[in-house]
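Enquirer: Chains as they are written, first to last, in our numbering: chain Z, 2 to 339; chain L, 2 to 339.
See below:
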């Protein structure tokens with residue numbers, strides 16, 4: 002995939018599902034300098050905190066690419082989204098999306114892009130000729146973020162840890178496994194979009210051996226406890242061959258995303274299951290911390306929540322968005338001193 | 002995918018690789034009544050034990066579909082195979098194959114099929130619009146075969162159990178998850194070929210709720226302990242929502258298929274991990290038996306191997322190909338009495 006031209010105009014459309022704005026929120030948080038604003042309709046009750054602009058205003062501000070920043074669990078676009086993307090292409094913008102439903106599968110959009118001479122970027126398209134995983138030990142240090150559920154902050158945690166590691170002078174690279182991460186990082190592989198036989202092999206490809214003593218910080222996906230997506234999480238664990246795991250959890254989340262009949266697992270149970278599965282390809286894997294998403298709490302309650310989990314699990318606990326990732330970086334330095 | 006018309010003419014062509022005949026051998030073993038014969042050239046040294054017929058004789062015997070029963074290591078068809086498939090289409094046969102290389106990717110074959118009004122069945126193509134899994138409890142009883150490794154007899158076990166259940170008067174259906182099983186059953190979904198996000202959903206689609214008190218016997222894939230494919234196995238476990246698991250193992254297999262550096266897990270450890278993972282969507286799942294592939298042993302040693310595992314795990318153990326599946330069916334009847 003060639004590089005996606007920036008800056009982006011973030012498309013929220015008429016989204017009414019806050020969790021479905023994950024891509025837009027991720028970009029607004031981690032790459033605001035790449036975004037000229039957000040384009041949303043009056044029936045969208047949410048903002049990601051950027052300037053609200055129309056399509057035309059986005060063009061005037063110099064946007065090069067419209068990013069479809071919304072997703073429902075099935076990853077499909079409704080007719081209005083497609084129509085807006087067509088309008089953007091006609092206005093001279095490239096269009097990027099990370100949905101299962103591909104932009105190139107929309108004939109009207111393909112025609113509009115061809116007529117306008119702009120490109121369509123389906124960031125979920127996997128690379129051709131991925132290998133199956135082999136599980137052989139490879140050089141380099143790797144950390145994987147794992148979660149109690151989908152959308153609990155695994156990408157945020159991996160990005161925050163990458164930046165904190167770099168700030169401490171470590172060679173460290175974020176490895177994106179989802180559409181938002183790919184748009185933030187500029188490269189990566191959408192693991193949930195590869196053919197099932199190649200999940201682990203895709204992660205081995207994404208995070209190849211490294212000899213510089215540095216770290217790959219790999220973005221986790223799904224949860225071993227999510228009945229829809231645990232296969233992806235399992236292959237990711239095995240392909241990552243992680244030296245270190247960081248468990249991510251959203252405080253107050255009681256039922257799994259999209260599955261109100263399924264309860265979020267306990268943190269100790271979840272961490273134990275992840276360590277057990279990870280040992281298949283990384284026998285010495287260890288947990289180095291917990292990242293809590295405490296957005297629902299005030300600061301005192303957030304600190305108390307971190308302290309409570311720290312007491313329960315005996316690991317550094319932080320909300321990386323609120324309190325930074327330093328405690329976990331310190332634990333990594335302690336556990337993996339040269 | 003609509004059902005593949007039977008009977009089949011099995012195509013062996015000029016195959017010189019015995020392992021590559023797996024699909025043809027599976028059909029000849031489990032669905033000989035669906036096969037009018039085998040079509041092989043003089044330079045093919047192997048038979049799968051059916052009558053050797055020409056294309057024309059196959060047509061005269063009433064064949065409806067030519068099944069490409071061979072695969073070379075690359076999963077590709079050479080020019081002679083394509084030419085023979087074209088000849089079969091012109092002779093009025095549908096053509097089915099489970100190769101990576103798709104029949105619909107061969108322009109000459111597509112044209113011949115269109116001209117003759119016959120269909121091409123790429124049995125690895127997943128259905129369009131698969132849902133993501135939801136893990137909600139659904140009606141009906143389901144059994145899944147799981148394994149210590151790939152290619153240890155999970156399809157054979159599921160088919161043998163289906164027939165043994167039927168012979169005891171139970172409503173029972175085999176649910177195929179791989180290409181050979183799909184050709185035996187006439188329908189199914191090649192789970193390893195679906196996009197990773199949809200593994201569990203594909204299995205929920207393959208084995209929908211049933212209200213007749215009968216059983217679905219679902220063919221397992223891969224192994225939770227195989228670093229290449231455990232993601233597939235995990236999604237399959239969760240989508241299957243199995244009431245009963247049968248563990249499959251090949252006696253004497255010491256390292257994982259394709260990964261000589263990885264050891265086959267112990268049976269107790271493997272069964273325990275499968276039960277633990279399965280409980281996410283089926284809390285009351287239980288093991289009902291073990292199927293050993295004892296092809297490498299003489300009969301006395303095979304019986305001794307079964308007895309040893311029975312003593313270790315406290316479950317009925319059989320080689321279904323050699324000794325039948327009755328002990329496991331009896332355990333199912335005991336555990337799930339109405």
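Idealized CB from N, CA, C, for every residue including glycine. Values in this document were obtained by computation on a predicted structure and should not be read as measured data.
Roughly how many angstroms lie between the CA atoms of residue 196 of chain Z and residue 187 of chain L, to the nearest whole one?
Expert: Each residue's alpha carbon lies about 23 Å from the other.
Enquirer: Under 8 Å, Cβ to Cβ, is there at least one residue of chain L near residue 137 of chain Z?
Expert: So, interface residue.
Enquirer: Going along the region 218-244 of chain L in order, which residues come within less than 7 Å of chain Z, judged by CB to CB distance?
Expert: Flagged, chain order: 226, 228, 229, 230, 231, 232, 233, 235, 236, 239.
Enquirer: Any beta-carbon of chain L closer than 8 Å to the one on residue 181 of chain Z?
Expert: By this cut-off, residue 181 of chain Z is not an interface position.
Enquirer: May I have the straight-line CA-CA distance separating residue 292 of chain L from residue 242 of chain L, to the nearest angstrom?
Expert: Between residue 292 of chain L and residue 242 of chain L, the C-alpha separation is close to 20 Å.
Enquirer: Could you check whether the region 174-184 of chain Z touches the region 149-161 of chain Z, counting it as contact only if at least three pairs of C-beta atoms, one from each stretch, sit closer than 8 Å?
Expert: Judged by Cβ distances under 8 Å, the region 174-184 of chain Z makes contact with the region 149-161 of chain Z, as three or more pairs qualify.
Enquirer: Between which residues of its own chain and residue 121 of chain L is the CB-CB distance below 6 Å, once the five residues before and five after are set aside?
Expert: Counting only Cβ-Cβ distances below 6 Å, and skipping sequence neighbours, we find 96, 104, 105, 114.
Enquirer: Looking only at DSSP bridge pairs, what is residue 73 of chain L linked to?
Expert: Answer is none; residue 73 of chain L lacks a bridge partner.
Enquirer: Determine the contact status of residue 70 of chain Z and residue 22 of chain Z, defining contact as a CB-CB distance below 8 Å.
Expert: Yes. Within cutoff.
Enquirer: Can you find a CB in chain L that lies within less than 8 Å of the CB of residue 72 of chain Z?
Expert: By this cut-off, residue 72 of chain Z is not an interface position.
Enquirer: Could you tell me which residues DSSP puts in a beta bridge with residue 275 of chain L?
Expert: BP columns for residue 275 of chain L are empty, so no partner.
Enquirer: Just how far apart, CA to CA, sit residue 140 of chain L and residue 208 of chain L?
Expert: If you take the alpha carbons of residue 140 of chain L and residue 208 of chain L, they lie about 10 Å apart.
Enquirer: Could you give the first and the last residue of the continuous alpha helix (DSSP H) run that contains residue 122 of chain Z?
Expert: No alpha helix (DSSP H) contains residue 122 of chain Z, which is instead part of the beta strand (DSSP E) from 121-123.
Enquirer: Taking the Cβ atom as the reference point for each residue, do residue 51 of chain Z and residue 94 of chain Z lie within a distance shorter than 8 Å?
Expert: Taking 8 Å as the Cβ cut-off, residue 51 of chain Z and residue 94 of chain Z do not qualify as a contacting pair.
Enquirer: Looking at the C-beta of residue 193 of chain Z, does it have a partner C-beta in chain L at a distance below 8 Å?
Expert: Cβ-Cβ to chain L under 8 Å: yes for residue 193 of chain Z.
Enquirer: If contact means a Cβ-Cβ distance below 7 Å, which residues of the region 249-265 of chain L contact chain Z?
Expert: Under the 7 Å Cβ criterion, the region 249-265 of chain L contributes 260, 262, 263.
Enquirer: Anything in the region 274-287 of chain Z with a Cβ closer than 9 Å to a Cβ of chain L? List those residues in chain order, please.
Expert: Flagged, chain order: 274, 277, 278, 281, 282.
Enquirer: Beta-carbon separation of residue 232 of chain L and residue 134 of chain L under 8 Å?
Expert: No, the Cβ-Cβ distance between residue 232 of chain L and residue 134 of chain L is not below 8 Å.
Enquirer: Along the region 195-209 of chain Z, what residues have a CB closer than 9 Å to any CB found in chain L?
Expert: Within the region 195-209 of chain Z, the residues whose Cβ lies closer than 9 Å to some Cβ of chain L are 195, 196, 197, 198, 199, 200, 201, 202, 203, listed in chain order.
Enquirer: Counting only runs of 4+ residues fully inside the region 201-258 of chain L, write out the alpha helix (DSSP H) ranges in chain order.
Expert: Segments of the alpha helix (DSSP H) lying fully in the region 201-258 of chain L: 231-241.
Enquirer: Taking the alpha carbon of residue 226 of chain L as the reference point, which residue from L/218, L/236, L/150 has its own alpha carbon closest?
Expert: Ranking L/218, L/236, L/150 by Cα distance to residue 226 of chain L puts L/150 first.
Enquirer: Can you tell me which of Z/286, Z/283, Z/324 puts its alpha carbon nearest to the alpha carbon of residue 301 of chain Z?
Expert: Comparing Cα positions, the closest option is Z/324.
Enquirer: Going by the beta-carbon positions, is the gap between residue 90 of chain L and residue 72 of chain L smaller than 8 Å?
Expert: No, they are not a contact pair.
Enquirer: Which full runs of the beta strand (DSSP E) of 3+ residues lie inside the region 44-125 of chain Z, going along the chain?
Expert: Whole beta strand (DSSP E) segments, 3+ residues: 66-69, 95-98, 121-123.
Enquirer: In chain L, what lies closer than 9 Å to residue 38 of chain Z by C-beta?
Expert: Those within 9 Å of residue 38 of chain Z in chain L number zero; the least Cβ separation is about 30 Å.
Enquirer: Find the nearest neighbour of residue 297 of chain L within the set L/320, L/316, L/282, judged by alpha-carbon distance.
Expert: Nearest C-alpha to residue 297 of chain L: L/320.
Enquirer: Three or more C-beta pairs under 8 Å: does that hold for the region 236-256 of chain Z against the region 254-261 of chain L?
Expert: Not touching, per the Cβ criterion.
Enquirer: State the start and end residues of the unbroken beta strand (DSSP E) segment that holds residue 11 of chain Z.
Expert: From DSSP, the beta strand (DSSP E) with residue 11 of chain Z extends over 9-14.
Enquirer: How about residue 289 of chain L and residue 247 of chain L: do their beta carbons lie closer than 8 Å?
Expert: The answer is yes: Cβ separation under 8 Å.
Enquirer: Compare the C-beta of residue 133 of chain Z against all C-beta atoms of chain L and say whether one is closer than 8 Å.
Expert: Closer than 8 Å to some Cβ of chain L, the Cβ of residue 133 of chain Z qualifies, so yes.
Enquirer: Determine the closest residue to residue 108 of chain Z out of Z/127, Z/308, Z/84, Z/129, with distance taken between C-alpha atoms.
Expert: Minimum Cα distance to residue 108 of chain Z is reached at Z/84.
Enquirer: Among the candidates Z/145, Z/165, Z/194, whose CA atom is the shortest distance from the CA of residue 326 of chain Z?
Expert: It is Z/165 whose Cα lies nearest to the Cα of residue 326 of chain Z.
Enquirer: Sort Z/62, Z/78, Z/238 by Cα distance to residue 92 of chain Z and report the nearest one.
Expert: Closest by alpha carbon: Z/62.
Enquirer: Which full runs of the alpha helix (DSSP H) of 4+ residues lie inside the region 150-183 of chain Z, going along the chain?
Expert: 155-168, all fully within the region 150-183 of chain Z.
Enquirer: Starting from the C-beta of residue 31 of chain Z, find all residues in its chain whose C-beta is less than 7 Å away, skip the five residues before and the five after it, and write them out in chain order.
Expert: Excluding sequence neighbours, residue 31 of chain Z sits near 160, 185.
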